[in-house]
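So the protein sequences, as listed, match chains A and B. First residue of the first sequence? That's 98 in the numbering used here, and the numbers climb one at a time after it. First residue of the second sequence? That's 98 in the numbering used here, and the numbers climb one at a time after it. Read the structure below first, then the notes.
Protein chains: 2
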Amino acid sequence: MSVVVVGSVAYDGVETPHGRVERMLGGACTYIALASSYFARTKIVAVVGDDFAAEDEQLLSNHGIDLEGLERVPGKTFFWAGVYSDDMNDRTTLRTDLNVFAGFDPKLPASYRESPYLVLGNIQPSLQRSVRAQMNGLRLAGGDTMNYWIKDHRQELLETIREWDFLLINDAEARMLSDAYNLKRAAAKILEMGPHTLVIKRGEYGAILFHRDWHFIVPGYLLEEVFDPTGAGDCFAGGFIGYLAEKGFDLKQGHIDAKELSRAVIYGSVMGSFCCEKFGVERFRTLTRAEIDARFQEFRAFTEF
Amino acid sequence: MSVVVVGSVAYDGVETPHGRVERMLGGACTYIALASSYFARTKIVAVVGDDFAAEDEQLLSNHGIDLEGLERVPGKTFFWAGVYSDDMNDRTTLRTDLNVFAGFDPKLPASYRESPYLVLGNIQPSLQRSVRAQMNGLRLAGGDTMNYWIKDHRQELLETIREWDFLLINDAEARMLSDAYNLKRAAAKILEMGPHTLVIKRGEYGAILFHRDWHFIVPGYLLEEVFDPTGAGDCFAGGFIGYLAEKGFDLKQGHIDAKELSRAVIYGSVMGSFCCEKFGVERFRTLTRAEIDARFQEFRAFTEF
């Protein structure tokens, strides 16, 4: 079953201890959609400028991604540049040029509105809300946010996530949103804000899924070389929703399949780990579903006892 | 089968965001032995002063710990005081009075020498080495160390761990010892130094066991309240060796049971998590084996998919 992904399609400039790329395809929507495309038909809603390269569009369509909702407007595509610390646990933003993204007003093509799965990348909460309102018959909807919206647009954000099934954020964001340092307490507070499922991403340390009275924890995959962590969290979201869409997961029927949700967390982790192996979206040029499933089995091998 | 534990028995002054204790029973040997005692007959080698309280000795003997190797000499017991940061991920040492520990020259009672399992708490590497040399027929020997020995006594440390089966250290120590930031690379370098098994402790993020061509990762247990992390790493070591001793684990026979080693990592994690629930050794006054086994099952529940 199909997945709709809304968010930024961008160009990124990235510097890590392994090198530097001046300009490459990026953006939350791009990463989520590429990861999700390995599991389910994926449709994107985003805006790009007239500088958006044909080869970048080609990469997306090569993955079977539906581009009907990719709006092209005069001007430049969103540009972000950042540099990572030596241990890659911190990054500093060097430049954010919103460009055509400043006027982004996501409109869903009619052919998208019946999709059962929706992921809202990190954009203004009111826009996330307007997208959700355009969908019919959703089985599972949720998304990401960031410190800026949590701090300066709290009310708008709370009204938005109240309608979500799942929220995927990192540990710092969970602490900020809940005003609790302890993650178990933070999760309990966030689960009262609306979403029944909370996934807290912990970077190299993995992720935790909280669902009312149970939780599932996966450690991070050990890579020998992390080339570029940009997009890893978004790829996590793409793998997570993609797997659930492939399985036709349906929370609305009252039965929560904890093991399927847990496996979705593993597929999210798998996609995030592949993302870090090369700069930007490079790894997705060659990645196969067989490699993905093999790494899923690796997770089993190094966590089972 | 029995376990010999060598290290410090001390008094600690600890301040965490949850409170402050001026003076309480502590020391690596104490924590390792208490944790190990739930699984196997445990014998300690340590030195205390004439201020060592009868009630503290009682706690150890209540756990069936063999105190024949606990030397009592005139003077004061080792005293350490420290304060934890708000998030408890850092701690600052306020005071270290070695006292009688400065002259510690561990001598094993004859009744200890045939024990098949040995854990060497963090003390001077040459002392660790001399203890190992006093043992006969060891099935499994290893221990802990710290930044001070890695940096300033490197050669002595390398000669010591060369004879060990396992090394249990934290991530910062593994990076320092190997001069590699990436943990997979760090582990590969350390496994060439002698130990066939390396456990890297990651505090709240859990632990990784590396063994030549495979590894096992466990995430940390989510506590709602971490009262005092002092001794958690030592309790990990005690649970790890205790479980293996209980099972009669024998690496010398050539067959490595990866699942048993992995389960030992879980029992280590279980003991470390209990340790954090109260100040100092308090939790061990009431902890039962049934609670330990129940938490082991919890680990299964939140990691299985």
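Note that the Cβ used here is the ideal one computed from N, Cα and C, for glycine as well.
Are the CB atoms of residue i and residue j nearer to each other than 9 Å?
i, j, result
"B:A334", "B:G240", "yes"
"A:I287", "A:A271", "yes"
"A:I162", "A:S208", "no"
"B:Y58", "B:P326", "Because chain B is modelled from 98 through 402, residue 58 of chain B falls outside the range shown and cannot be assessed."
"A:A43", "A:W177", "This structure does not reach residue 43 of chain A, given that chain A is present from 98 up to 402, and the question cannot be answered."
"B:F402", "B:F324", "no"
"B:L274", "B:T294", "no"
"B:G300", "B:N186", "yes"
"B:G336", "B:I389", "yes"
"A:R259", "A:G291", "yes"
"B:L320", "B:E374", "yes"
"B:D153", "B:K173", "no"
"B:G84", "B:V228", "The displayed coordinates of chain B run from 98 to 402. Any statement about residue 84 of chain B would go beyond what the structure contains."
"A:D184", "B:Y302", "no"
"B:G200", "B:R169", "no"
"A:S403", "A:T257", "Since the first residue shown for chain A is 98 and the last is 402, residue 403 of chain A is missing from the structure and cannot be characterised."
"B:E343", "B:M98", "yes"
"A:Q221", "A:E253", "yes"
"B:L217", "B:Q225", "yes"
"A:T109", "A:V118", "The sequence given here places Asp at residue 109 of chain A; Thr does not occur at that position. Taking 9 Å as the Cβ cut-off, A:D109 and A:V118 qualify as a contacting pair."
How far does the alpha helix (DSSP H) with residue i in it reach, from first residue to last?
i, result
"B:M368", "A355 to C372"
"A:N196", "Per DSSP, A:N196 belongs to no alpha helix (DSSP H) and is neither H nor E."
"A:V228", "P222 to A230"
"A:G339", "A329 to K344"
"B:F393", "R386 to T400"
"A:K375", "From DSSP, A:K375 is part of no alpha helix (DSSP H); its letter is neither H nor E."
"A:R282", "L280 to I287"
Would you kindly report the start and end of the unbroken beta strand (DSSP E) that includes residue i?
i, result
"B:G110", "A107 to T113"
"A:A304", "A304 to H308"
"B:M243", "Segment: none, B:M243 is in no beta strand (DSSP E) and carries neither H nor E."
"A:R117", "G116 to G123"
"B:T50", "Given a span of 98 to 402 for chain B in the structure shown, any question on residue 50 of chain B remains unanswerable."
"A:K298", "T294 to K298"
"B:L215", "Y214 to L217"
"A:A143", "T139 to V145"
"A:L264", "F263 to N267"
"B:F313", "W311 to V315"
"A:V406", "Summary: the structure shown does not reach residue 406 of chain A, with chain A confined to residues 98 through 402, and so no result is reported for it."
Between residue i and residue j, how many whole angstroms is the CB-CB distance? I'm expecting something under 8 Å.
i, j, result
"B:V362", "B:A304", "6 Å"
"B:A125", "B:G104", "4 Å"
"B:R382", "B:L156", "7 Å"
"A:V296", "A:F263", "7 Å"
"B:V100", "B:Y214", "4 Å"
"B:L306", "B:L237", "That pair is no contact at about 14 Å."
"B:K140", "B:G123", "Not quite, the Cβ-Cβ distance comes to about 19 Å (not below 8 Å), so this is no contact."
"B:H312", "A:F399", "6 Å"
"B:C372", "B:G328", "5 Å"
Residues from the stretch 294 to 308 of chain B in contact with chain A, defined by Cβ distance under 8 Å:
R299, Y302, G303 and I305
Please list the residues of the stretch 203 to 225 of chain B that have a C-beta atom closer than 7 Å to any C-beta atom in chain A, keeping them in chain order.
none
Taking Cβ-Cβ distances below 9 Å as the criterion, which residues of the stretch 182 to 197 of chain A are in contact with chain B?
D183 and D184
Of the residues that make up the stretch 270 to 285 of chain B, which ones have a beta carbon closer than 8 Å to any beta carbon in chain A?
Y278, N279, L280, K281 and R282
Ignoring anything shorter than 3 residues or poking outside the stretch 153 to 212 of chain A, list the beta strand (DSSP E) runs there in chain order.
163 to 169, 176 to 181 and 188 to 194
Under 7 Å, CB to CB, which of the residues in the stretch 330 to 363 of chain A have a partner in chain B?
K356, S359, R360 and I363
Determine which residues of the stretch 114 to 129 of chain A have a Cβ less than 9 Å from any Cβ of chain B, and write them out in chain order.
none
Output, in sequence order along the chain, the residues in the stretch 154 to 165 of chain A whose CB is closer than 7 Å to any CB in chain B.
none
With 7 Å as the limit, tell me which residues of the stretch 238 to 256 of chain B have their beta carbon closer than that to any beta carbon of chain A; keep them in chain order.
none
Selection of the stretch 98 to 112 of chain B by Cβ proximity to chain A, strictly under 9 Å:
none
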